[in-house]
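See structure below.
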């Protein structure tokens, strides 16, 4: 049944599950005379006026994600849990029609592949389309207005099953990604008067383990130093909450240093509310039941009381409604605690225009015509193309025009929903690699050959036979959600043996052999990288609805690859050198260190690696000066909202295409030096820019702004300092350009991180 945009009815299933959405009637309904309907007032005043009308049972009933509302007040039920990681996605709050209108939504690549594009404007555009489609779904009763996205926990361990949901391992890059995605999703930077939809950055904080060696995410205690917390685990969240003004936060399943995140006053109040300025018209959600078990609280009522008082406004589950009544009876919580949580919720809905006339809101005009429009389809394709990374090529790619007959082999060769990864919706179409090859004019023989993981070799003969008859062999394999997913971590980072065995047989045929590696987490490609019989190697992640076309347009040369690895590809023994439970980043006597920033051994392919079909030369247009006064930089930065975000300098590089194919180029600028506390990072990404469609012989100018915070390091208390010393800047993983400068004078503190005065 389709709801009109002005519907005030709410439909219920058993247990009160919301299956449609309506808006309160502020013209003729019971709330018409309440200040919540007065558009001249601020969100907190309006929400407070509404929440004053709730009884204690009504307050408690509305502390869960499936909120029943208050029927006597004409306040509809509302499902807070909608998902949109890379497109409007299946979730309790999202209802796809079986056919016709609202039966699908644009399915972009997984964030790990979009992250490989290093393209801020692309990510902002994707966010805007996802937000627009989410709002259209809501207008017709198919979704909420609060979307639990993006996942911005850094992908520091290659075994993490949910790493595919993140843009990569670098905290600065994640910060830029989340800023652009959230601004796009919400319809601007802290937009007035209305959000398009609300973004919910998750999971705050220290979350990157599902189920590994007896350690489950629900009960894991992440031991993190203040130094690592502020340098690595928190920067994306600071940007999300402080700078991008995301409307909601989600606390994590795990504990940090002994305190469950959703019951951690230091995390949710001292850091989030006070330090990041997370205002009272924004809300916090999280899973509450696991605070009691397996985090081992003494009683359920104490668990819910601590969570509510710490600041978790909405329970993703039903534990609040089960145990808050007892907590209230035992005076573990107060009426004020409950009303505060509800004010946060409804102030957020005020910001969404939930109580306002339809004719005041352009977002209420969105409808089915706004779903998977031509611009969205093109952007989904562009995002896949821009993210695909060329890891190896001996000149076989792009495929020669003499190649007509292709043997397309492997467990990803005919992938459809497989291309979407975690948290996906119903796509309008899914272009498999087989379809992409056919669309590019190839005669295709498709053979499965083998599954992702299998002991069955019965398909090998057919694969080899097809390969012998072809002009070229494209093997499409890797890993997928059967190996890496939510609740599913990996124990190895090697290619499944059955796939390597099949590739080994295909190598002997003597035809051009291209391996396309899919999946979010990297595999150790050593055996393929070092084998001359494997002519080219391409990483394609989870490429979304247009994935097959994007892959073959790259292989055929219709477009050129320019993606860069957003994560480190480690050798297989890395998993034996450091347990997933070790949250420390810096190398020590038992650890080689984590991520490109600290890893002391040689990676198979490093963060930022990516080859091209052409060649480039680079020159400084605006190089750094030789010396800067720290005091002068700090004085000049006092006009900025936050000193760490003040500009150090904007550098510029000219990028000239010296080859014969039009191509994008990603300029990655790294800084390094021996300043701050030892040990010193290998290097840190401090700026980047993607230049588009540089024709042969043409030159593009890449502007590379650097903030003071990009050059800063944290002390053991988590305060960021700008230190004197010699700094080196290098462009690209190949160090195609480099320059040195000095910071002179005394060290200057850029931030004063709140200290935890409580113990676990």
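Residue numbers (my numbering): 182 to 941.
Where is the CB? At the ideal position from N, CA and C, for every residue including glycine.
As the structure is a prediction and not an experimental result, all values here were calculated from the model.
Alpha carbons only, please: which of the options is nearest the one belonging to residue i?
i, options, result
"residue 658", "721, 593, 605, 695", "593"
"residue 833", "347, 723, 887", "887"
"residue 215", "890, 785, 235, 312", "235"
"residue 703", "826, 896, 343, 353", "343"
"residue 744", "558, 807, 202, 848", "848"
"residue 232", "358, 517, 357", "517"
"residue 579", "662, 717, 328", "717"
"residue 696", "269, 481, 492, 588", "588"
"residue 334", "352, 321, 320", "352"
"residue 813", "928, 852, 722", "928"
"residue 584", "694, 562, 530", "694"
"residue 565", "755, 439, 601", "601"
"residue 569", "300, 208, 217", "300"
"residue 538", "555, 769, 338, 210", "210"
"residue 841", "645, 857, 793, 829", "793"
"residue 324", "384, 289, 431, 201", "201"
Reducing DSSP to helix, strand and coil, say where residue i ends up.
i, result
"residue 463", "coil"
"residue 431", "strand"
"residue 332", "strand"
"residue 549", "helix"
"residue 918", "strand"
"residue 290", "coil"
"residue 749", "coil"
"residue 261", "coil"
"residue 520", "helix"
"residue 874", "strand"
"residue 497", "coil"
"residue 734", "helix"
"residue 820", "helix"
"residue 566", "helix"
"residue 792", "strand"
"residue 944", "This structure gives no information on residue 944, because the portion of the chain shown stretches from 182 to 941."
"residue 932", "coil"
"residue 814", "helix"
"residue 909", "strand"
Buried or exposed: where does residue i fall if 16 or more other Cβ atoms within 10 Å of its Cβ makes it buried?
i, result
"residue 820", "exposed"
"residue 250", "buried"
"residue 370", "exposed"
"residue 253", "exposed"
"residue 941", "Residue confidence for residue 941 is low, a pLDDT of 42 falling below 50, so the modelled location carries little weight and cannot support an answer."
"residue 921", "exposed"
"residue 493", "buried"
"residue 185", "Confidence is the limiting factor: at residue 185 the pLDDT is only 34, short of 50, which leaves the residue's position unreliable and the question unanswerable from this model."
"residue 576", "exposed"
"residue 479", "exposed"
"residue 919", "exposed"
"residue 420", "buried"
"residue 825", "buried"
"residue 739", "exposed"
"residue 701", "buried"
"residue 239", "buried"
"residue 482", "buried"
Can you tell me the Cβ-Cβ gap for residue i and residue j, rounded? I've got them flagged as a contact below 8 Å.
i, j, result
"residue 265", "residue 330", "5 Å"
"residue 528", "residue 225", "5 Å"
"residue 742", "residue 735", "5 Å"
"residue 688", "residue 715", "7 Å"
"residue 595", "residue 614", "7 Å"
"residue 750", "residue 706", "6 Å"
"residue 475", "residue 399", "6 Å"
"residue 380", "residue 448", "About 19 Å separates the two Cβ atoms, so there is no contact after all."
"residue 502", "residue 244", "7 Å"
"residue 141", "residue 260", "Nothing can be reported for residue 141, as the shown portion of the chain is limited to 182 through 941."
**Item:** At least three beta-carbon pairs within less than 8 Å, the stretch 402-414 to the stretch 432-446
**Value:** yes
**Item:** Cβ pair count under 8 Å reaching 3, the stretch 438-450 against the stretch 302-312
**Value:** no
**Message:** Closer than 8 Å is the cut-off here; do at least three beta carbon pairs connect the stretch 516-524 with the stretch 287-301?
**Reply:** no
**Request:** Count the CB pairs spanning the stretch 502-515 and the stretch 473-492 that are closer than 8 Å, and state whether there are at least three.
**Result:** yes
**Asked** Any chance the stretch 908-921 sits against the stretch 850-864, with 3 or more Cβ pairs inside 8 Å?
**Response** yes
**Asked** So does the stretch 621-638 actually touch the stretch 677-685, counting three or more Cβ pairs closer than 8 Å?
**Response** yes
**Message:** When you compare the stretch 873-884 with the stretch 835-849, are there three or more beta-carbon pairs, one atom per stretch, that lie closer than 8 Å?
**Reply:** yes
**Message:** Is it the case that the stretch 756-766 contacts the stretch 404-423, given that we only count it when at least three CB pairs across the two stretches are under 8 Å?
**Reply:** yes
**Message:** Between the stretch 790-801 and the stretch 767-781, can you find at least three pairs of beta-carbon atoms closer than 8 Å?
**Reply:** no
**Asked** How about the stretch 254-261 and the stretch 312-323: do they share at least three Cβ pairs that are nearer than 8 Å?
**Response** no
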